[in-house]
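For reference, the structure discussed in these notes is given below.
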Amino acid sequence: MAQPPVAPSTDPSDLSGLPSSPARTARTASIGDGASTSYADAGVNIEAADTAIELMKVWVDKARRPEMIGGLGGFAGLFDASALTRYTRPLLATSTDGVGTKVAIAQAMDVHDTIGFDLVGMVVDDLVVCGAEPLFMTDYIATGRVVPERIAAIVKGIAEACLEAGCALIGGETAEHPGLLAPDEYDVAGAATGVVEADKLLGPGRVRPGDAVIAMAASGLHSNGYSLVRHVLLE
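Under my numbering, the first residue of the sequence shown carries the number 2, and numbering increases by one thereafter.
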């Protein structure tokens, strides 16, 4: 049912003028001669997904910025772009990435929050190299079976890394794909948007002879090259 129009509020923190998200109620469907089937019959556990959302709320609520409007839920994350008026010529930068086959190691060790942290690092680092400040991020988790505690652990890592990077976790999707992925398999991906002043955009064109090169020690293997790492370790 369509909702009546509402007058917008000028206060970004005032959500009274925003329509609420429709509840997910269609959980069964009629087929054939009147028999019915459910998502559960097809291997999709909506209750488990709802539990995962409840478990992750405490972490998602921490990964916010003042420009973020609304909270967990809804079909789209909202970010107040009027904050960009402090820029003379703002350029929006966006990046999408995953963590590759390192997920297989997390699954084998049954440690999943670090994969979430790795995901944010892979995505926001691609923004930082062009000089952009990360503003907000969304994540995507595909799994063969929703295990609420596992999904919440992944999102916990994502939220903690977003907090450290100074960007908001503005939305995400958890998709249960029985038959496509094994019950204990999952994959993660994310996308982030940042902003940089046009005249401060970094890139190879700004490198000059005599520039200092600063090397920083790594804390260990990150998320690139794990197909080779797994091959070497398993040989």
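Beta carbons are placed, not taken as given, at the ideal position from N, Cα and C, and that holds for glycine.
Check	Outcome
Under 8 Å, with one C-beta from each stretch per pair, do the segment 151 to 166 and the segment 95 to 104 reach the 3-pair mark?	no
Compare the beta carbon distance of V197 and A133 with 7 Å and say whether it is the shorter of the two.	yes
Would you tell me roughly how many angstroms separate the C-alpha atoms of D81 and A169, rounded to the nearest one?	12 Å
For F137 and G78, which I take to be in contact (beta-carbon distance under 8 Å), what is that distance rounded to the nearest angstrom?	7 Å
Counting only the same chain and skipping the five closest in sequence on each side, list residues whose C-beta sits under 6 Å from that of M217.	none
With 16 other CB atoms within 10 Å as the buried threshold, where does G204 fall?	exposed
Tell whether a beta-carbon distance below 7 Å holds between D140 and G211.	no
Can you check which of these residues, R146, R209 and G99, is closest to T175 by C-alpha distance?	R146
Under the three-state reduction of DSSP, which class applies to T29: helix, strand or coil?	Confidence at T29 is low in this model, with a pLDDT of 37, below 50, so its placement is unreliable and no value can be given for it.
What residue ranges within the segment 186 to 236 form continuous alpha helix (DSSP H) runs of no fewer than 4 residues, ordered along the chain?	227 to 235
Return the chain-ordered list of same chain residues with a C-beta closer than 7 Å to the C-beta of P135, the five sequence neighbours on each side being excluded.	V125, L128, A166, G167, C168, A193 and G195
By Cβ distance, which residues of its chain are closer than 8 Å to A94, with the 5 residues on each side in sequence left out?	L128, C131, A133, T194, G195, V196 and V197
Please report the residue range of the alpha helix (DSSP H) in which T52 lies.	I47 to V61
Which term fits F76, buried or exposed, when burial requires 16 or more other beta carbons within 10 angstroms of its beta carbon?	exposed
Hey, I159 and G117: beta-carbon distance below 7 Å or not?	yes
Is A183 a contact residue of the ligand HEM, with contact defined as CB to any heavy atom under 6 Å?	Summarising the ligand content, the structure contains no ligands, and the ligand HEM is consequently not present.
Can you tell me which of V61, R209 and L85 puts its alpha carbon nearest to the alpha carbon of E68?	L85
Do you know offhand how far L120's Cα is from D98's?	7 Å
Tell me, to the nearest whole angstrom, how far the beta carbon of P149 is from that of T52; I am working on the premise that it is less than 8 Å.	4 Å
Alpha carbon to alpha carbon, how far is R87 from R231? Give it in angstroms, no decimals.	47 Å
How many Å lie between G221 and L164 at the Cα?	21 Å
Could you spell out where the alpha helix (DSSP H) holding D81 opens and where it closes?	No alpha helix (DSSP H) holds D81; DSSP gives it neither H nor E.
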